[in-house]
Amino acid sequence: MIPDIPAFIRENTRTLAPSHVPELKLHLADDAVSLWELTEEQLGELGLPPPFWAFAWAGGQALARYVLDNPAIVAGKRVLDVASGSGLVAIAAMKAGAASALAADIDAFAAHAAALNAALNGVSIETSCADPVGEPVEAETILVGDLFYDRDLAPRVLAWLQKLHAQGKTVLIGDPGRTYLPRDKLEQIAAYDIPVARALEDAEVKRAAVWRLR
118 MIPDIPAFIR ENTRTLAPSH VPELKLHLAD DAVSLWELTE EQLGELGLPP
168 PFWAFAWAGG QALARYVLDN PAIVAGKRVL DVASGSGLVA IAAMKAGAAS
218 ALAADIDAFA AHAAALNAAL NGVSIETSCA DPVGEPVEAE TILVGDLFYD
268 RDLAPRVLAW LQKLHAQGKT VLIGDPGRTY LPRDKLEQIA AYDIPVARAL
318 EDAEVKRAAV WRLR
């Protein structure tokens, strides 16, 4: 049992600036496996999802960088950050002038982490633990970072994003070349070389791109 999740997050992370978005600060972990094991131990559960919320993944950093450098994408608009993790992309959207940003992630820890990180950066965001995939969306801009890593999930996400795109919504994807990224359905609009933790990725630098639907 973890009675105070925000306190648990603060105690097991450090306040750091993501490598490619140095103007922002996040509660980030040094060691994925140790934090994962500690979370399972404290909750008394095995088989929990990895603490994706405790790291600034390359796809999310690419998307956040692009939004901050191209604020017109989100300025004055409602933004949905899908599989938000740390909330980095939602926070970047608010910094770039979004009217509102909803950080959606099915991991309850992510909602707490995103709220803490938003406060660190002096912005206010909304959070949700409901799965948005397949659901109607009020936001005008949908931002998706590092979500095409699972064979079963990827086609569901793509079909949903295509539907939203057909409704006239702006859909942007940040991805460092995950296995199930549907490149044939996408157009690359930016790319960045982002330092990452070798323990989490297969390299020390990942080439992460920002994509839009064709």
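Start counting the sequence shown at 118; every next residue gets the next number (my numbering). The beta-carbon is built from N, C-alpha and C at its ideal position, and this holds for glycine as well.
(request) Output the distance between the C-alpha atoms of residue 302 and residue 131, rounded to the nearest integer angstrom. (result) Computed Cα separation, rounded: 38 Å.
(request) Using alpha carbons as the reference points, say which of 218, 171, 238, 176 lies closest to residue 293. (result) Of the listed residues, the one whose Cα sits closest to residue 293 is 176.
(request) Taking only runs that begin and end inside the segment 153-206, name each unbroken alpha helix (DSSP H) of 4 or more residues, in chain order. (result) If only complete runs of 4 or more residues are kept, the segment 153-206 shows the alpha helix (DSSP H) at 175-186, in order along the chain.
(message) Let me check understanding here. Comparing Cα to Cα, which of 226, 290, 328 lies closest to residue 304?
(response) Measuring from the Cα of residue 304, the nearest candidate turns out to be 328.
(message) Please classify residue 203 as buried or exposed, where buried requires at least 16 other C-beta atoms within 10 Å of its C-beta.
(response) Of the residues assessed, residue 203 falls on the buried side of the cut-off, its CB having 16 or more other CB atoms within 10 angstroms.
(request) Have a look at 125, 256, 154 and flag the residue whose alpha-carbon is nearest the alpha-carbon of residue 167. (result) For residue 167, the nearest C-alpha among the options comes from 154.
(message) According to DSSP, is residue 279 part of a helix, a strand, or is it coil?
(response) In this structure, residue 279 counts as helix in the three-state DSSP scheme.
(request) Helix, strand or coil for residue 139, going by three-state DSSP, please let me know. (result) The answer is coil: DSSP assigns residue 139 none of H, G, I, E or B.
(request) Verify whether the separation of the beta carbon atoms of residue 191 and residue 227 is less than 8 Å. (result) In this structure, residue 191 sits away from residue 227, with a CB-CB distance that is not shorter than 8 Å.
(message) Give me the residue from 270, 306, 280, 323 with the minimum Cα distance to residue 297.
(response) Out of 270, 306, 280, 323, 270 has the C-alpha closest to the C-alpha of residue 297.
(request) Determine the closest residue to residue 120 out of 137, 160, 152, with distance taken between C-alpha atoms. (result) Measuring from the Cα of residue 120, the nearest candidate turns out to be 160.
(message) Rounded to whole angstroms, what is the Cα-Cα separation between residue 300 and residue 200?
(response) Distance between the alpha carbons of residue 300 and residue 200: 19 Å.
(message) Nearest by alpha-carbon distance to residue 249: which of 238, 233, 274 is it?
(response) That would be 274, whose Cα lies nearest to the Cα of residue 249.
(message) Excluding the 5 residues flanking residue 138 on each side, which residues of the same chain have their C-beta closer than 8 Å to its C-beta?
(response) Here residue 138 has 173, 178, 181, 182, 185, 205, 209 as same chain residues with Cβ atoms under 8 Å from its own Cβ, once five neighbours each way along the sequence are excluded.
(request) For chain C, find out if any of its Cβ atoms is closer than 8 Å to the Cβ of residue 258; answer yes or no. (result) Checking the listed chains, one finds no chain C in this structure; it contains a single protein chain.
(request) For residue 194, I'd like the list of residues in its chain whose CB is within less than 7 Å of its CB, leaving aside the five on either flank, ordered along the chain. (result) Once the five neighbours on either side are set aside, the close Cβ partners of residue 194 are 215, 216, 257, 258.
(request) Using the DSSP secondary-structure output, state which residues sit across from residue 308 in a beta bridge. (result) In the DSSP assignment, residue 308 is bridged to 326.
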